[in-house]
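Numbering (my numbering), first residue to last: 36 to 466.
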């Protein structure tokens with residue numbers, strides 16, 4: 036158990052690392068907004084913001100599931116006193132398979148959809164592939180580290196990823212570089228170098244390999260989570276991409292909406308590593324049968340997330356229009372109502388992020404997947420309504436996450452009332 040001082044140190048490391056990574060992401064949007072500010076550069080600007088969003092959909096959207104499942108399996112192994120290395124190796128095989136499939140999907144999607152979204156720029160396609168490969172490596176590393184609660188090394192990946200994304204982009208501005216692909220690669224290299232920064236650390240896990248065991252149910256659980264997390268990232272990031280696709284004659288409005296959307300997502304991004312810290316603790320409680328601790332932690336974090344979400348909505352309304360215009364150099368000031376609705380949608384996504392680790396810890400990955408499938412169906416159906424593209428996007432962005440939260444909440448209540456599942460259900464394995 037970590038002492039109070041150690042917990043404060045861990046929280047500080049994660050907060051600082053997250054701050055660097057968050058600053059880098061928003062600096063990227065702000066920098067490209069200033070560099071490509073002329074009306075004739077609207078296509079390049081929309082393409083770069085779309086790259087930022089697509090990377091968040093197809094990179095973390097797939098490999099964040101690997102991190103969560105690896106963290107769950109490693110946490111359960113540690114709680115039972117079993118070796119970590121077989122779990123890490125099995126996860127590495129799964130991530131390599133997923134990477135091959137994902138690269139193939141991106142290459143097939145290029146002539147069908149991505150060519151238009153990325154303004155026909157092959158350099159941005161190459162940057163996207165680099166970012167996906169880096170995401171595969173760094174999310175695997177974070178899963179192994181998070182499952183052992185080695186959060187200092189975990190935070191290092193945040194520092195490095197943020198620094199690598201931030202400094203080259205600023206250097207390009209100082210050198211007056213105006214090539215979109217250069218900015219795309221500056222953004223894309225962060226994940227790969229972050230994984231390299233902890234390569235030695237991940238290779239030397241704390242738990243000795245005394246009795247090799249291979250997790251039997253990990254592939255199935257990961258399949259469920261990959262679908263769920265990919266859909267969650269799609270719901271979280273797709274709307275501006277679709278607005279850009281549906282507005283070929285009004286790319287200025289599309290780029291303003293994209294910048295506004297990214298701004299409203301700040302609380303969601305800042306809260307993301309909470310899952311990494313929360314999941315190992317929930318898994319340990321579930322593995323050891325501590326149902327009361329599970330309920331207590333869930334109540335505490337839901338209260339925090341509602342407070343963070345409310346502050347986010349207020350910030351969107353009060354300073355959002357100014358921030359979009361000044362920091363992101365938008366061509367026009369976005370409406371307050373748009374920012375307020377996007378802030379409310381972000382709060383719903385935050386609640387979903389809290390409910391999901393509880394169900395994962397209890398071995399209810401199927402419930403998580405069903406919730407995100409249902410929410411995504413609603414989201415996509417509303418997103419393509421024959422309305423103004425931005426109006427349709429706002430409606431979809433509220434309704435889809437609301438469905439997800441309702442189903443996840445119902446699943447969590449049912450699972451906790453039903454009692455603790457046996458250990459084999461929470462962390463299936465073959466001895």
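For glycine and all other residues, C-beta sits at the position ideal for the given N, C-alpha and C.
| Query | Result |
| --- | --- |
| With burial defined as no fewer than 16 other Cβ atoms inside 10 Å of the residue's Cβ, what is the status of residue 169: buried or exposed? | buried |
| How is residue 356 classed by DSSP in three states: helix, strand or coil? | helix |
| Return the CA-CA distance between residue 451 and residue 327, expressed in angstroms with no decimal places. | 9 Å |
| So, are the CB atoms of residue 340 and residue 374 less than 8 Å apart? | no |
| Assuming residue 273 and residue 186 make a contact with CB atoms under 8 Å, what is their CB distance in whole Å? | Going by Cβ atoms, the distance from residue 273 to residue 186 rounds to 31 Å, so no, they are not a contact pair. |
| Pop quiz: residue 393 and residue 447 are said to be a contact at Cβ under 8 Å. What is the actual Cβ separation, rounded to whole angstroms? | 5 Å |
| Please return the same chain residues whose Cβ sits closer than 7 Å to the Cβ of residue 247, not counting the five positions on each side in sequence. | Unreliable positioning characterises residue 247 in this predicted model, as indicated by a pLDDT of 44, which lies under 50. The coordinate reading is nonetheless provided below. 118 and 121, listed in sequence order. |
| Tell me which residue opens and which closes the alpha helix (DSSP H) that residue 367 is part of. | Taken as a continuous stretch (DSSP letters only), residue 367 belongs to no alpha helix (DSSP H), as it is neither H nor E. |
| Out of 179, 271 and 212, point me to the one whose CA is closest to residue 103's CA. | 179 |
| Taking DSSP as the reference, what is the three-state secondary structure of residue 330? | helix |
| Would DSSP call residue 350 helix, strand or coil? | helix |
| From which residue to which residue does the alpha helix (DSSP H) around residue 401 run? | 400-418 |
| Hey, quick one: how far does the alpha helix (DSSP H) through residue 175 stretch, first residue to last? | 157-182 |
| Start and end of the alpha helix (DSSP H) containing residue 290? | 286-299 |
| Which same chain residues end up closer than 7 Å to residue 411 when comparing Cβ atoms and leaving out the 5 residues on each side of it in sequence? | 266, 269, 270 and 435 |
| Any contact of the region 201-209 with the region 140-147, i.e. 3+ C-beta pairs under 8 Å? | no |
| So the alpha helix (DSSP H) residue 119 belongs to, where does it begin and stop? | Segment: none, residue 119 is in no alpha helix (DSSP H) and carries neither H nor E. |
| Assuming contact is defined by CB atoms lying nearer than 8 Å, are residue 424 and residue 278 in contact in what I supplied? | yes |
| Quick one: any contact between the region 280-294 and the region 359-367, if contact means 3 or more CB pairs under 8 Å? | yes |
| Using a Cβ distance threshold of 8 Å, determine whether the region 64-77 contacts the region 104-116, with at least three qualifying pairs required. | no |
| Candidates 70, 437 and 383: which alpha carbon is nearest residue 213's? | 70 |
| According to DSSP, is residue 282 helix, strand or coil? | coil |
| Rounded to a whole number of angstroms, what is the C-alpha to C-alpha distance between residue 442 and residue 402? | 8 Å |
| Determine the burial state of residue 381: buried for a count of at least 16 other Cβ atoms within 10 Å of its Cβ, exposed for fewer. | buried |
| Quick check: residue 65 and residue 362, are their CB atoms within less than 8 Å of each other? | yes |
| Rounded to whole angstroms, what's the CA-CA distance from residue 459 to residue 400? Just pull it up for me. | For residue 459, the pLDDT reaches just 36, beneath the cut-off of 50, and the residue's location in the model is therefore unreliable, leaving the point undetermined. |
| If you follow the alpha helix (DSSP H) that residue 200 is in, where does it begin and where does it stop? | 186-209 |
| Given a cut-off of 8 Å on the beta-carbon distance, is the pair residue 176 and residue 233 in contact? | yes |
| Assign residue 209 to buried or exposed, taking buried as 16 or more other Cβ atoms, counted over all protein chains shown, within 10 Å of its Cβ. | exposed |
| Can you give me the Cβ contacts of residue 56 inside the same chain, cut-off strictly under 6 Å, excluding the 5 residues immediately before and after it? | 193, 196 and 197 |
| Which first and last residues belong to the alpha helix (DSSP H) in which residue 89 is found? | 77-93 |
| Does DSSP classify residue 275 as helix, strand or coil? | helix |
| Under the rule that 16 or more other beta-carbon atoms within 10 Å means buried, what is residue 284, buried or exposed? | exposed |
| Go through its chain and collect everything with a Cβ distance to residue 130's Cβ below 6 Å, but skip five positions before and after it. | 101, 171 and 175 |
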